[in-house]
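Its first residue numbered 828, the sequence shown is counted upward by one per residue in our numbering.
Input: a single structure, listed below in structure tokens.
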Amino acid sequence: MPITEAEFGYPLRSARLFLQPIALDDAGDVQASCLDWESVRYTSSIPYPYPENGAQKFITEALAKWDQGTYRLLAARKQDDATYVGQFGLTFAEDDPGRAEISYIVTRSVWGQGFGGELARAGIDHAFRDLGLTSLYARVFLANEPSNRLIRRLGMRFEKVVRIHAPARACDVDVNWYELDRADWKEGGR
């Protein structure tokens, strides 16, 4: 199924950003972001060093998963000049189509400017408001304190620490598991 800007109101807009379905045109920006160790060190699936043409392969796979209904990936750009700031993803649970894991990455050049919270908030609101999901969860490396703070500010509540396999790091890591359900999202004034 082709992805159109009109589908589900894309592009999504926040105060400073627009988010739209990832496209092969985004490969150069994604590639540059993933070449930065500091940007990817707390991810379980982005390899480092990032392979040549890794972004093209990743985006092609993401688009195929979108068509299968198992994944959505949105590129986030500044509204004023279309500068790439990162991406937001939803991986739908196989056993519960109303549930998804959120993921996001913010390019280091815009860290500390609030773009991470803004793009994640837009993605979470979209998941509940437009896609009708009933619950979201996030897994955040224990050592990634900025992301742990951000997830809590977004209203997600800590549930437990779990150990996951991080194939890109070739090891198991402990992560904080956070949850947010539709009722708590609505209660937060969304």
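By construction, the Cβ of each residue, glycine as well, lies at the ideal position given by its N, Cα and C atoms.
Quick caveat: nothing in here was measured; it's all calculated off a predicted structure.
Cα atoms of glutamate 1014 and leucine 1007: separation of roughly 11 Å, rounded to the nearest angstrom. The Cβ atoms of tyrosine 964 and isoleucine 929 lie closer than 9 Å to each other.
Take arginine 899, set aside five residues on each side of it, and the residues of its chain with a beta-carbon closer than 7 Å to its own are Trp893, Gly916, Leu917, in chain order. Within the same chain, Val933, Leu977 come within 6 Å of glycine 943 by CB-CB distance, once the 5 residues on both sides are set aside.
The beta carbon of leucine 862 lies closer than 7 Å to those of Tyr877 in the same chain, with the five residues before and after it left out.
Looking at the DSSP output, tryptophan 1004 bridges to Arg966, Lys987. Of all alpha-carbon atoms in Gly836, Pro924, Asp957, Leu851, the one lying nearest the alpha-carbon of alanine 891 is that of Leu851. Taking one beta carbon from each stretch, the region 894 to 913 and the region 939 to 954 have 3 or more pairs nearer than 8 Å; the two touch.
The region 996 to 1003 makes contact with the region 953 to 972; the number of CB pairs closer than 8 Å reaches 3 or more.
The beta-carbon distance between glycine 1016 and threonine 961, rounded to whole angstroms, is 19 Å. This is too long to meet the 8 Å contact definition. According to the DSSP secondary-structure assignment, serine 930 is paired through a beta bridge with Gly916. Your pair alanine 854 and glutamine 883 checks out as a contact, with CB atoms roughly 5 Å apart and the cut at 8 Å. Between phenylalanine 845 and glutamine 914, the C-beta gap is not smaller than 9 Å, which leaves the two residues out of contact. CA-CA distance, tyrosine 931 to tyrosine 837, rounds to 18 Å. Judged by DSSP secondary structure, leucine 890 falls within the alpha helix (DSSP H) whose first and last residues are 881 to 895. In the three-state DSSP reduction, leucine 901 falls in the strand class (E or B). The beta carbons of serine 871 and isoleucine 991 sit closer together than 9 Å.
Nearest in C-alpha terms to serine 974, of all of Gln847, Gly896, Arg868, is Arg868.
Taking each of Phe919, Leu958, Glu972, Gly939 in turn and checking the Cα distance to glutamine 895, the smallest one comes out for Phe919.
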